[in-house]
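K.L.:
The structure's right below; bear with me while I get my questions together.
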Amino acid sequence: MKYSTVLPLLALASNVLAAPVHEHHQHKRAVVYVTETLVAWVDSNGNPVTPSTTATSTTAAAVETTSTAAAATTTSAAATIASAEAKVQTTSTSSPSTTTLSTSTSSSSSSTSTSSTSSTSSTAAAATTTSSSSSGGINGDLSDFESPSSDFEDGTIKCSDFPSGQGVIALDWLDFGGWASVMNENGDTSSSCEDGYYCSYACQAGMSKTQWPSEQPSNGISVGGLYCKGGYLYKSNSDKSTLCEWGNDSSDAVNNIDESIALCRTDYPGSENMVVPTLVEAGSSKPMSVVDEDSYYTWKGGKTSSQYYVNDAGVSVEKGCIWGTDGSGIGNWAPVVLGSGYTDGTTYLSIIPNPNNENAPNYSVKIEATEGSTISGSCSYVDGVYNGGSGSDGCTVAVTSGKANFVFY
């Protein structure tokens, strides 16, 4: 697959830290096209720079870098998402203001206080379809930011058995034996974990998988997960002893409406389909996976962040955390896309438009700092209108201390 690169230059307002620029990475999985986010930093001349952690200390400009597949793949919806997502990253920090919230933001504080209890709840539909999986279903077996208590031992679990627990959750509705995807280095896929394939898995809300080979395929695809060899599972990244790890504790998804909301993270590295669930029940919260981009998976030297497709309220994870179809309003056709990542001491949170679906969701969403936290910029999507960015391009905030949440209301 051949890739080309385009480098338009966009200047940002002075005295604001430039948001991470996102390079985009598309793959073909049979009839499935996907996109993923990578981060680069540049100055106004296009030269790489190291960002400061102070939100008002730099006048760096941003370069938008878009990697596009050959003409055969440019008709995909992912190509449109990639373009829109790149724009939001280069325009979202144009607000020069830095806001430190005081005790007047007690509503945010009270909203996030439910995070420790929300992990025990799930919808009836989710409980039914995940009943075959032990260790807490899609909510997982660990409390928020509780470390796994045991390491994964190579060659002890059969490829036909799914290793749930210690943060690993099974995705039974996909019919892959609990796996998020099964793929080899040629891009061939399978419905079961078998020899010579990487068996990608999902982790509970706030966690990310730790397993992927350091040497990725030269054909441009990404692979991740446990490796099946001789009928048994082996780590593909020996630097990590557990299968799941927590991200930075700097953002939650807070649901202030009366229906559950399914956030569907992309399986990356791997198929990049939006199948990894975070189910936020009405009146509760869940941690976002804010990956530490400085130590997490890189693609061709570029840092990567988390990306979520957010369905309308009331859509279950079984119906929403799949690859959708044209006009379905679910999966890759969901009305909202969220991004989260942490690099060089700053958390970046984005609300991103999905050009596949220009209809407003049945809720509004905003990024709101918790009590005592410091953020740069503002960002919300209210009644189908983005506020804080550049019109329909979406918006991003930088969290320089404390925490900011995606609040659905």
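Residues -18 to -1, 1 to 391 in mature numbering (1 follows the signal peptide of the UniProt record, and there is no 0) are what the sequence shown spells out, letter by letter.
Just so it is clear, CB atoms sit at the ideal spot from N, CA and C, and this is done for glycine as well.
These numbers were taken from a predicted model, which means no experiment stands behind them.
Are the beta-carbon atoms belonging to leucine 261 and alanine 244 less than 7 Å from one another?
P.N.:
It is a contact, given that the beta carbons lie within the stated cut-off.
K.L.:
Where does tryptophan 228 fall in DSSP's three states?
P.N.:
Correct three-state label for tryptophan 228: strand.
K.L.:
Since lysine 301 is in the alpha helix (DSSP H), which residue starts that stretch and which ends it?
P.N.:
Segment 299 to 302, the alpha helix (DSSP H) holding lysine 301.
K.L.:
With a 10 Å radius around its C-beta and 16 neighbouring C-beta atoms as the bar for buried, classify valine 272 as buried or exposed.
P.N.:
That one is buried.
K.L.:
Return the chain-ordered list of same chain residues with a C-beta closer than 6 Å to the C-beta of serine 223, the five sequence neighbours on each side being excluded.
P.N.:
Closer than 6 Å at Cβ, skipping near neighbours: Asp133.
K.L.:
With burial defined as no fewer than 16 other Cβ atoms inside 10 Å of the residue's Cβ, what is the status of threonine 328: buried or exposed?
P.N.:
Buried: at least 16 other Cβ atoms inside 10 Å.
K.L.:
For a test of the three-state rule: what should DSSP assign to asparagine 314, helix, strand or coil?
P.N.:
Looking at asparagine 314 - three-state DSSP - the assignment turns out to be helix.
K.L.:
Identify the residues that DSSP records as bridge partners of proline 259: which are they?
P.N.:
According to DSSP, proline 259 bridges with Cys246.
K.L.:
Since serine 146 and glycine 169 are thought to touch, with beta carbons under 8 Å apart, how far apart are those beta carbons, to the nearest angstrom?
P.N.:
With 8 Å as the limit, serine 146 and glycine 169 do not qualify as a contact, their Cβ atoms being about 27 Å apart.
K.L.:
Going by DSSP in three states, glycine 371 sits in which element: helix, strand or coil?
P.N.:
If DSSP states are grouped into helix, strand and coil, glycine 371 belongs with coil.
K.L.:
Could you spell out where the beta strand (DSSP E) holding proline 335 opens and where it closes?
P.N.:
Segment 328 to 335, the beta strand (DSSP E) holding proline 335.
K.L.:
Give me, in chain order, the residues of the same chain whose beta-carbon lies closer than 8 Å to that of residue 405; leave out the 5 immediate sequence neighbours on both sides.
P.N.:
Given that the chain is displayed from residue -18 to residue 391, the structure contains no residue 405 and the question cannot be resolved.
K.L.:
Counting C-beta neighbours from all protein chains within 10 Å, is the total for threonine 382 16 or more, i.e. buried, or is it exposed?
P.N.:
Looking at its Cβ environment, which holds 16 or more other Cβ atoms inside 10 Å, threonine 382 is buried.
K.L.:
For leucine 124, which of helix, strand or coil comes out of DSSP?
P.N.:
Leucine 124: coil per DSSP, three-state reduction.
K.L.:
For glycine 119, which three-state DSSP category applies?
P.N.:
Correct three-state label for glycine 119: helix.
K.L.:
Is the separation between the beta-carbon of leucine 215 and that of glutamine 193 shorter than 7 Å?
P.N.:
No. Outside cutoff.
K.L.:
May I ask which residues mark the beginning and end of the beta strand (DSSP E) holding proline 269?
P.N.:
Taken as a continuous stretch (DSSP letters only), the beta strand (DSSP E) holding proline 269 covers 267 to 269.
K.L.:
Would tryptophan 228 count as contacting chain B if we go by Cβ distances under 7 Å?
P.N.:
Within the model displayed, chain B is absent; a lone protein chain is all it includes.
K.L.:
Within the continuous beta strand (DSSP E) that includes glutamate 350, where are the two ends?
P.N.:
Start and end: 347 to 351.
K.L.:
Can you name, in chain order, every residue of its own chain whose Cβ lies under 6 Å from the Cβ of asparagine 255, other than the five neighbours on each side?
P.N.:
These residues qualify, in order along the chain: Asp249, Trp305.
K.L.:
Please name the residue, chosen from Ala351, Asn387, Gly283, that lies closest to residue 461 on a Cα-to-Cα basis.
P.N.:
Any property of residue 461 remains undetermined from this structure, which presents the chain solely from -18 to 391.
K.L.:
Note down the Cα distance separating tyrosine 183 from glycine 206, rounded to an integer number of angstroms.
P.N.:
Going by the C-alpha atoms only, they are around 8 Å apart.
K.L.:
Please name the residue, chosen from Val319, Ser163, Lys385, that lies closest to serine 346 on a Cα-to-Cα basis.
P.N.:
When only C-alpha atoms are compared, the closest one is Val319.
K.L.:
Could you tell me which residues DSSP puts in a beta bridge with glycine 323?
P.N.:
In DSSP, glycine 323 forms a bridge with Tyr330.
K.L.:
Select from Ala342, Ser372, Ser267 the residue whose C-alpha is nearest the C-alpha of serine 332.
P.N.:
Looking at the Cα atoms, Ser372 is the closest of the given residues.
K.L.:
Below 8 Å CB to CB, which residues in the same chain sit around serine 115 once its five sequence neighbours on both sides are set aside?
P.N.:
Low local confidence applies: a pLDDT of 42 at serine 115 is under 50, so the model's placement there is unreliable, with the coordinate-based value given in what follows. These residues qualify, in order along the chain: Phe144, Ser146, Ile151, Ala152, Asp154, Gly160.
K.L.:
Under 7 Å, do cysteine 141 and cysteine 185 count as touching if we go by C-beta distance?
P.N.:
Not closer than 7 Å, so no.
K.L.:
Looking at the structure shown, is leucine 153 part of a helix, part of a strand, or coil, going by DSSP?
P.N.:
Coil.
K.L.:
Terminal residues of the continuous beta strand (DSSP E) containing asparagine 201?
P.N.:
Unbroken run through asparagine 201: none, as it is neither H nor E.
K.L.:
Can you give me the C-alpha to C-alpha distance between tryptophan 315 and glycine 309, rounded to a whole angstrom?
P.N.:
Roughly 7 Å between the two C-alpha positions.
K.L.:
Quick one: give me the first and last residue of the beta strand (DSSP E) that alanine 386 is part of.
P.N.:
Counting along the chain, the beta strand (DSSP E) containing alanine 386 begins and ends at 386 to 390.
K.L.:
Out of Met189, Cys181, Phe158, point me to the one whose CA is closest to phenylalanine 127's CA.
P.N.:
Looking at the Cα atoms, Met189 is the closest of the given residues.
K.L.:
Glycine 354 and glycine 384: beta carbons closer than 7 Å?
P.N.:
Yes.
K.L.:
Give the DSSP-derived three-state secondary structure of tryptophan 281 in the structure shown.
P.N.:
Strand at tryptophan 281.
K.L.:
Can you tell me whether glutamate 227 is buried or exposed, with buried defined as 16 or more other CB within 10 angstroms of its CB?
P.N.:
So glutamate 227 ends up on the buried side.
K.L.:
Taking the alpha-carbon positions, what's the alanine 380 to valine 367 distance?
P.N.:
Answer to the nearest angstrom: the Cα atoms are 20 Å apart.
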